[in-house]
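S.K.: Count along the sequence shown from 1, add 291, and you get the number used in the numbering used here.
We put the CB at the ideal spot given by N, CA and C, even for glycine.
Every value quoted in this text rests on a predicted model; they were computed, and no experiment measured them.
Quick one: the structure is below, questions incoming.
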Amino acid sequence: MHVFKQSLIALMLASTLTLSGCGYNTLQVKDEAVTAAWSEVQNQYQRRADLVPNLVNVVKGYASHEEQVLTEVTQARANVAGLKVDREVLEDPELFQRYQEAQAQMTSALSRLLAVTENYPDLKANQQFRDLQVQLEGTENRIAVARNRYITTVQDFNSYARQFPQVMTAKVIGMDTKPNFSADQSAQKAPTVSFE
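Here it is, written out as structure tokens:
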């Protein structure tokens, strides 16, 4: 019995030393960092989604005949809100891509909405609209910062998880690399600037 206990203790000690060298704990820490960085991206997207109805309502008062643009913004917000966003998105590149496309649609719709406001000098002078526009611009900057942090965190995780011996540990525990943001296809073309 005494030999069995010593063998069990030796086995536990060997397992501990082996597991500490395989990167299991670091993989867990880095996986949590990815989740936290994604949560911050979500937080900023939610902030933007919360601002959109207020912005739409202010613009509606001035630009009632711009219904199509307002409808597009409202639809884009609904599309983003309709996507289930949880840890599964981080594990499924296809779901991640769909979510990224919905957010790009929202960005595009907001850009069109802000372009429409150029036709309404009274709206541009409205303090409530200007405050919302500043908030929205600030939110877009925060989204860019949060996405950049997420990209860096995913790069760190993926680089670590693909190294030996961590790659073996990751395979055993079913941990795959994480999907990352990629530029929208329209980002490949330089924007046209016209003063006509």
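Please list, in chain order, all residues of the same chain as Arg440 whose beta carbon is under 6 Å from its beta carbon, the five residues on each side excluded.
M.R.: Taken in chain order, the residues that qualify are Ala328.
S.K.: Name the residue from Asn471, Ser473, Asn449, Phe472 whose alpha carbon lies nearest to the alpha carbon of Lys462.
M.R.: The candidate whose alpha carbon is nearest that of Lys462 is Asn449.
S.K.: Relative to the alpha-carbon of Cys313, which residue among Gln391, Phe472, Val458 has its alpha-carbon at the smallest distance?
M.R.: It is Val458.
S.K.: Distance, Cα to Cα, Lys321 vs Arg421?
M.R.: One C-alpha to the other measures close to 40 Å.
S.K.: How long is the line joining the alpha carbons of Leu308 and Thr317, rounded to whole angstroms?
M.R.: Note on Leu308: pLDDT 47, under 50, position unreliable in the model; the coordinate value appears next. Going by the C-alpha atoms only, they are around 14 Å apart.
S.K.: Going by DSSP, what residue range makes up the alpha helix (DSSP H) through Val425?
M.R.: It spans 418–452 - the alpha helix (DSSP H) in which Val425 sits, taken as one unbroken run.
S.K.: Okay, do the region 364–380 and the region 392–399 touch, 3+ Cβ pairs below 8 Å being the bar?
M.R.: Yes, since at least three Cβ pairs between the region 364–380 and the region 392–399 fall closer than 8 Å, the two stretches touch.
S.K.: How about Leu423 and Leu346: are their beta carbons less than 8 Å apart?
M.R.: Cβ atoms of Leu423 and Leu346: closer than 8 Å.
S.K.: Would you check if there are 3 or more beta carbon pairs closer than 8 Å linking the region 379–386 to the region 335–344?
M.R.: At 8 Å Cβ cutoff, the stretches do not touch.
S.K.: Return the residue from the list Ser298, Tyr315, Gln297 that minimises the CA-CA distance to Phe455.
M.R.: For the residues Ser298, Tyr315, Gln297, the minimum Cα distance to Phe455 belongs to Tyr315.
S.K.: Would you identify the three-state DSSP class for Lys469, choosing helix, strand or coil?
M.R.: Coil at Lys469, not helix or strand.
S.K.: Residues in its own chain within less than 7 Å of Val445 by CB, not counting five upstream and five downstream?
M.R.: Correct list, in chain order: Val325, Lys469, Asn471.
S.K.: Return helix, strand or coil for Asp341, following the three-state DSSP convention.
M.R.: Of the three classes helix, strand and coil, the one that applies to Asp341 here is helix, per DSSP.
S.K.: Quick check on Leu374: buried or exposed, where buried means 16 or more other Cβ atoms within 10 Å of its Cβ?
M.R.: Leu374 is exposed by the Cβ-count criterion.
S.K.: Note down, in chain order, each residue of its chain lying with its Cβ closer than 8 Å to the Cβ of Ile464, except the 5 sequence neighbours on either side.
M.R.: Taken in chain order, the residues that qualify are Tyr315, Leu318.
S.K.: Quick check: Ala400 and Glu363, are their CB atoms within less than 8 Å of each other?
M.R.: Cβ atoms of Ala400 and Glu363: closer than 8 Å.
S.K.: Can you tell me the Cβ-Cβ gap for Val332 and Ala437, rounded? I've got them flagged as a contact below 8 Å.
M.R.: Indeed they touch by this definition, with Cβ atoms about 5 Å apart.
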